[in-house]
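Heads up, the thing below is written out as structure tokens.
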Amino acid sequence: MEKKINLTSKQQEAISEIDHNLQIIACAGSGKTEVITRRIANILHSKQDIKPENIVAFTFTNKAAESLENRIVRALGSELSANIKTMYIGTIHSFCYNLLTKYTKQFDNFKILDSVKSHLFVKRNFKECGMSDLNLEPYSFNINLFLQCIEKMIDDYENSDNWSQEQRDVLNKYTNFLYSNNYIDFSLIIFETVKQIESNPEVGKYLSTLKYLVVDEYQDVNDLQEKLISHIANYGTNICVVGDDDQTIYQFRGSNANNMISFSERYADVHQVHLDKNFRCAKGIVDVANNVIKNNKRLISKKMISTVNESNGNIKAERCFDEIDEFNRIAKKIIKLHNSGIHYKEIAILVRKGKFINSIANILDDANIPYETDSTEHFFSGNYFNRFVITLQILTDIDKAKLYECWKDVAERTNFNIGFKFLRSCARGGNLPLSKIIRDFCDKIAFLDETANDIETRHIDLDGISKILDDYDEIYGDGQLSARINGVLKFLGTDAINEYKYYNFKPKDPNADNVQIMTIHKAKGLEFNTVFIPRLNEREFPTLGFLGKRYYHVLGGVFKKNKTKYQSSLEDERKLFYVAVTRAKQNLYMTYSLASKAISYFLDEASSSAYLDINNNDLTYNPKDVKYDFTKSDGVCCKPNSKNSNLEQGLDKEQLEYKEVVKYAQNQLIDYYNTGAQFYHTTHTMLSDIREWSPEKIMNEASNLELI
DNA sequence: GAAATCTTTATTTTT
DNA sequence: TAAAGATTTC
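If you're matching positions, the first sequence starts at 117 in my numbering and goes up one per residue.
Take a look at the structure:
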């Protein structure tokens with residue numbers, strides 16, 4: 117957000133409040149980072165005894181930390197920011213890691229297991245980690261499920277008296293085995309830090325030097341993190357929390373908006389400031405967002421106000437045939453916008469589910485629109501991934517022709533021969549790290565030849581595969597080469613794709629002019645001139661969610677009783693929609709499909725805003741040209757007699773079915789199937805049969821009965 | 001035509 | 001594990 121010269125009185129109030137605990141309730145686009153920045157600058161300017169090292173600022177991500185630090189440096193000027201590095205600006209996790217390594221003997225040279233390495237570590241030592249002691253059936257090898265259980269137990273440790281003895285044993289087994297191998301995971305970092313604060317006077321001494329703590333994105337803090345914050349507050353530290361309970365979107369990780377709501381009750385002497393002016397979004401966009409979020413039961417009442425006066429913005433919703441049609445229309449619209457002078461990088465496509473990113477990317481490829489995404493699915497289906505896999509295979513099964521076949525378009529024959537010779541020598545003996553083998557091979561075949569036209573992709577792909585191989589070798593590096601190759605090939609074939617799903621292999625280039633495709637979660641805190649939100653159908657957004665065996669099925673007991681704690685509700689999905697909408701400065705384009713499920717509730721709710729222009733009518737199609745996939749889920753329609761039916765009660769079967777078929781028809785193939793619905797009602801022909809018919813047949817049958 | 005049974009398929013992600 | 005679609009059985 118550009119720097120605002122004129123501060124509102126509320127912003128000024130927050131910046132000046134440095135003597136009491138402070139809660140800033142900041143709506144989207146309210147310039148909260150600017151306020152935090154200036155407040156910290158204000159502290160350093162007006163309190164001579166406060167040094168940067170007496171201030172701590174928690175951010176949600178490392179990226180956010182970096183940008184906050186840059187802004188503080190700018191705000192302070194060169195003299196005051198000289199020892200800015202002594203101020204802690206970063207995530208809660210790194211803060212805790214620093215404390216543990218600095219103030220404890222036990223953890224002073226521990227390594228962190230991130231989610232990928234945890235996976236590999238547990239896979240290798242599943243018995244020692246206690247995995248076989250939990251009943252994960254029928255998924256006894258679902259490591260993610262096991263790790264989920266561990267994480268929830270750590271979060272809930274306070275109540276461990278209410279767990280079964282077996283569960284306490286499993287957690288002990290897991291932590292002890294990690295610690296005996298000099299590893300710690302992310303949940304344990306905070307857990308152990310809290311323990312240290314409670315017991316280690318050295319840590320207490322350090323905390324008492326902290327005079328100011330600022331917590332950004334406070335609405336997404338979980339209970340363990342909140343405990344840490346309250347411990348710090350006990351040392352007399354001034355606490356300032358900033359957040360918006362309407363933007364809590366990480367409840368599945370334990371984000372607890374109640375922390376936000378009850379802050380002023382739990383902390384002494386709290387001053388509250390509401391920043392309700394949105395400097396980002398045009399009036400219409402704010403109106404749409406307000407009209408949707410008002411359907412949540414909100415405990416902190418507020419109403420966001422747009423201060424953008426130049427235009428009301430363009431807010432459109434469009435009905436499309438299906439998913440692919442939606443993405444094609446988006447591509448067309450992007451070309452139009454770009455021709456009218458909007459940069460690609462000012463355009464974002466925000467999706468509820470990561471799985472759409474790939475097919476959107478393919479369509480943008482076809483339309484020659486440059487884009488950027490950090491979905492790694494793209495990496496695993498990319499040009500070079502499979503070649504690396506084959507190259508690794510060659511190490512256990514020498515096949516020169518096969519190898520040449522896959523590299524011949526990028527390698528000269530002579531270079532290739534040198535590379536092959538090298539691979540053969542690796543296969544014979546030695547124990548080089550796998551990433552070194554691949555890198556050296558690529559070196560020898562001159563893979564990173566600077567004249568290659570896709571040189572950037574080659575660099576990214578080689579870095580990506582190296583990272584995966586290094587992660588693998590960190591856990592399995594002591595094995596025989598052939599065992600490691602077989603293991604890593606298995607990992608690459610199945611688990612790696614899931615484990616690296618949201619990992620950014622590719623550093624973002626801020627100067628590149630690319631359309632941004634990402635999940636809404638990733639768009640938190642960002643803004644774009646134009647935002648597209650596709651797939652606004654029921655059970656897509658809001659998503660159906662909570663399927664599959666979950667941690668509370670495994671753990672049962674108190675975990676089952678409190679399962680809603682991490683479950684996302686309709687209200688949580690609405691918050692996510694709210695976040696997506698408020699990323700847009702000027703243009704907001706939403707699409708939904710006719711040929712799948714019913715229209716999203718949220719689009720319905722948004723339509724109570726006069727600014728939303730819903731285009732339901734321009735859908736012209738020739739039934740002969742359009743192939744509908746009736747084998748897909750039919751959304752609102754399900755068999756009333758089904759055991760699992762979730763249809764509302766209180767209607768008789770016929771009413772119920774008629775209601776459902778009309779709803780189905782309205783949402784799907786309006787004209788033809790509306791007729792189809794009447795036909796159903798009159799003749800009692802099975803709905804499933806009608807859905808097999810062509811539109812022509814329906815029209816024909818219906819006219820025989822004079823239904824049209 | 002209804003009921004029972006079988007089959008398929010299941011979010012979001014930071015550190 | 002559980003929802004919902006598909007298929008079979010009665």
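Positions of the beta carbon are idealized from the N, C-alpha and C atoms, including for glycine.
Residue pairing from DSSP leaves ALA477 without any beta-bridge partner. For the pair ASN474 and TRP279, the Cα-to-Cα distance works out to about 42 angstroms. In the displayed model, CYS245 falls within coil according to three-state DSSP, outside both helix and strand. With respect to ILE446, PHE648 sits close: the two C-beta atoms are nearer than 8 angstroms. With contacts defined by Cβ atoms closer than 8 angstroms, ILE463 and ILE450 form a contacting pair.
Here the stretch 298–318 lies against the stretch 207–219, with 3 or more beta-carbon pairs under 8 angstroms apart.
Counting every other CB atom within 10 Å of its CB across the protein chains shown gives THR530 a total below 16, marking it as exposed. With a contact defined as Cβ atoms closer than 8 angstroms, ILE300 and ILE465 miss out at about 37 angstroms. By the neighbour-count definition (other C-beta atoms within 10 Å, threshold 16), PHE257 is an exposed residue. For ASP301, the enclosing beta strand (DSSP E) stretches over residues 299–301. Contact between the stretch 154–172 and the stretch 310–330 is established, with three or more Cβ pairs separated by less than 8 angstroms.
Proximity of the stretch 343–350 to the stretch 180–200 falls short of the contact definition, fewer than three beta-carbon pairs being nearer than 8 angstroms.
In the DSSP assignment, LEU294 falls within the unbroken alpha helix (DSSP H) covering 281–296.
Residue SER582 holds the alpha-carbon nearest to the alpha-carbon of PRO549 among SER582, GLN283 and PHE563. Exposed is the label assigned to THR680, since fewer than 16 other Cβ atoms lie within 10 Å of its Cβ.
Membership of PHE607 in the alpha helix (DSSP H) is indicated by the continuous run 597–609.
Here THR646 is bridged, per DSSP, to ILE463 and ASN703. Taking a 10 Å sphere around the C-beta of ILE571, we find fewer than 16 other C-beta atoms and assign the residue as exposed. Beta bridge pairing from DSSP links CYS436 with SER709.
Judged by DSSP in its simplified three-state form, LYS419 adopts coil rather than helix or strand. For LYS583, the secondary structure class from DSSP, reduced to helix, strand or coil, is helix. In the structure shown, TYR328 falls within a strand segment according to DSSP collapsed to helix, strand and coil. Its chain contains ASP392 and LYS393 as the residues whose beta carbon lies nearer than 6 angstroms to that of ILE421, once the 5 sequence neighbours on both sides are disregarded; these appear in chain order.
Assignment of beta-bridge partners to HIS387 by DSSP yields LEU138. In this structure LEU704 is buried. Its beta-carbon is surrounded by 16 or more other beta-carbon atoms within 10 angstroms. When C-alpha distances from HIS459 are compared across ARG240, VAL389, PHE223 and ASN627, the shortest belongs to ASN627.
Secondary structure note for TYR213: its alpha helix (DSSP H) is the uninterrupted segment 208–219.
According to the DSSP assignment, ALA198 belongs to no alpha helix (DSSP H), since it is labelled neither H nor E.
In the structure shown, THR635 falls within a strand segment according to DSSP collapsed to helix, strand and coil. Distance from the CA of ASN354 to the CA of ILE159, rounded to the nearest whole angstrom, comes to 11 angstroms.
Counting only residues of its own chain and dropping the five nearest sequence neighbours on each side, ASP332 has a CB closer than 6 angstroms to the CB of THR175 and VAL358. Assigned with DSSP and collapsed to three states, CYS143 falls in coil, not helix or strand. Taking C-beta separations shorter than 8 angstroms and ignoring five residues to either side along the sequence, the partners of HIS669 in its chain run LYS676, following chain order. Annotation for VAL172: the continuous beta strand (DSSP E) segment containing it runs 171–175. The stretch 686–695 makes contact with the stretch 411–425, as at least three CB pairs between them are under 8 angstroms. Apart from the 5 residues on each side of it in sequence, ASN430 sits with its Cβ closer than 6 angstroms to the Cβ of ASN703 in its chain, given in chain order.
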